[in-house]
Amino acid sequence: MAMSSSVGASSPDLFHIAADGRVTPTKDLLSRAPAIVRHHLSSLPVHRAMIRVVEALLVGAEPLVGPVLDVGCGDGHFAQAVLAPARGKPVEVGFDPSIPAVREAHATGAYRMALASGGEAMPFPDGAFNTVVSNCVLEHIPPLQATLREISRVLAHDGHLVITVPSDRFASSLFWPRALVAAGLPEFGTAYGDWFNGISKHYHTYDRQGWTARLADAGLEVIRWSAYLLPEAMGAFDLSHYYGAPTLLTKRLTGRWILWPGKWRYFPWERAIERQLVQWCSQVGVDGGAYFFFVARKVSNGG
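So, in structure tokens, the structure goes:
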């Protein structure tokens, strides 16, 4: 489907955009969901696929005008599955502080250049990129404001930042916190949520106003946003870590998460997961989501 050529202009065929900038997917965008779901179930552990499917749908609908910088590229899977196909060519630059992850990212061919670097001091000139993407990364960076200001610095004026981040509802939406609260043990539910945030290295989980204010402080104005993944989805995400645990071993031994990419076709429970993930894609934009999608425009140099 043709995208607008203007920087950061979302295709009107893919999003409904409300007066406050909230986006919800159109039927044309949702028609992409089954293929996205199958790809992710074939290449990622279930718990990771549950998050990435919706992010792939949303970020893949953005035009991503080049040059593009991917902040926190990790192993390159997201760029290989979403960013490069959306553009029809490799992303200009990806970087991540993990040298092994950068090696994996480079091997995917999804980047022209993959670098090992931190986010608070980027080795790029002012205004070098028209688009910066950061998918579920900023919450893991302790010096968040320094990183956002660096992102603003390397963005061209009117350039766009496309991010996904957890909301303040992340921990309380998980299965065990909700189950413990229902059992009359709210303090244990809070403790579990804090523990999960800790092992996930989540330093930042804010409400929409909190994220918007931090972006604004860096000279970035939110122009589109959406919430996604309701408590039902987050409960399944929480429990699916146990189902996906063996993939940690296969990744370590073989370099691949999934040894049998077509397994979802033959296991009834994985076909049920496939149908559920497609449905969760249709819930983008509803209140109460555990994650946010933001598109922000650079309006000034961050202070």
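Numbering (our numbering), first residue to last: 6 to 308.
We put the CB at the ideal spot given by N, CA and C, even for glycine.
Since the model is a prediction, treat every value here as computed from it, not as a measurement.
Here the region 127 to 144 lies against the region 159 to 169, with 3 or more beta-carbon pairs under 8 Å apart. The beta carbon of A119 is closer than 6 Å to those of G99, V107, A110 and H111 in its chain, skipping five residues each way along the sequence. When the beta-carbon positions are compared, S172 and A295 come within less than 7 Å of each other.
Fully contained in the region 100 to 157 are the following alpha helix (DSSP H) runs of length 4 or more, in chain order: 104 to 113. Inclusion of V159 and M127 in the CB contact set at 7 Å is warranted, their separation being smaller than that value. The three-state secondary structure of T255, taken from DSSP, is helix. Under the three-state reduction of DSSP output, K206 falls in the coil class, being neither helix nor strand. Here DSSP, grouped into helix, strand and coil, assigns Y271 to coil. Distances from the CA of W230 to each of W262, A23 and T259 were compared; the closest alpha carbon is that of A23. Distances from the CA of G132 to each of V73, P105 and D101 were compared; the closest alpha carbon is that of V73. Inclusion of L34 and L46 in the CB contact set at 7 Å is not warranted, their separation being larger than that value. Residue pairing by DSSP places E226 opposite R302 in a beta bridge. In this structure, the beta-carbon distance from T113 to G290 does not fall below 7 Å. DSSP, read as helix, strand or coil, puts V73 in strand. Membership of G164 in the beta strand (DSSP E) is indicated by the continuous run L160 to P171. For P266, there is no enclosing beta strand (DSSP E), as DSSP marks it with neither H nor E. Residue P236 holds the alpha-carbon nearest to the alpha-carbon of R174 among H52, P236 and T31. Setting aside the 5 residues that flank it on each side, A91 is surrounded in the same chain by G65 and L69, each with a C-beta closer than 7 Å to its C-beta; the list follows chain order. In this structure, the alpha-carbon of G79 lies about 12 Å from that of A115. A direct Cα-to-Cα measurement between E275 and R154 gives close to 42 Å.
In the pairwise beta carbon analysis, the region 49 to 66 is classified as touching the region 235 to 251: at least three pairs are separated by under 8 Å. For V59, no beta strand (DSSP E) encloses it; the enclosing alpha helix (DSSP H) starts and ends at V51 to V64. Counting along the chain, P30 sits inside the beta strand (DSSP E) bounded by residues V28 to P30. Nearest to G215 by C-alpha distance, out of K303, F299 and L62, is F299.
Here DSSP, grouped into helix, strand and coil, assigns E192 to helix.
For K256, same chain residues with a beta-carbon under 6 Å away, outside a window of 5 residues either side, are W262 in chain order. Counting along the chain, G93 sits inside no alpha helix (DSSP H), nor does DSSP assign it H or E at all. Pairing G124 with D101 gives a Cβ-Cβ distance that is not under 7 Å. About 7 Å separates the beta carbons of L179 and G240, which is inside the 8 Å limit, making them a contact pair. Annotation for G294: no alpha helix (DSSP H) segment contains it, and DSSP assigns it neither H nor E. Between the beta-carbon of I146 and that of A223 there is about 13 Å, and that puts the pair past the 8 Å contact cut.
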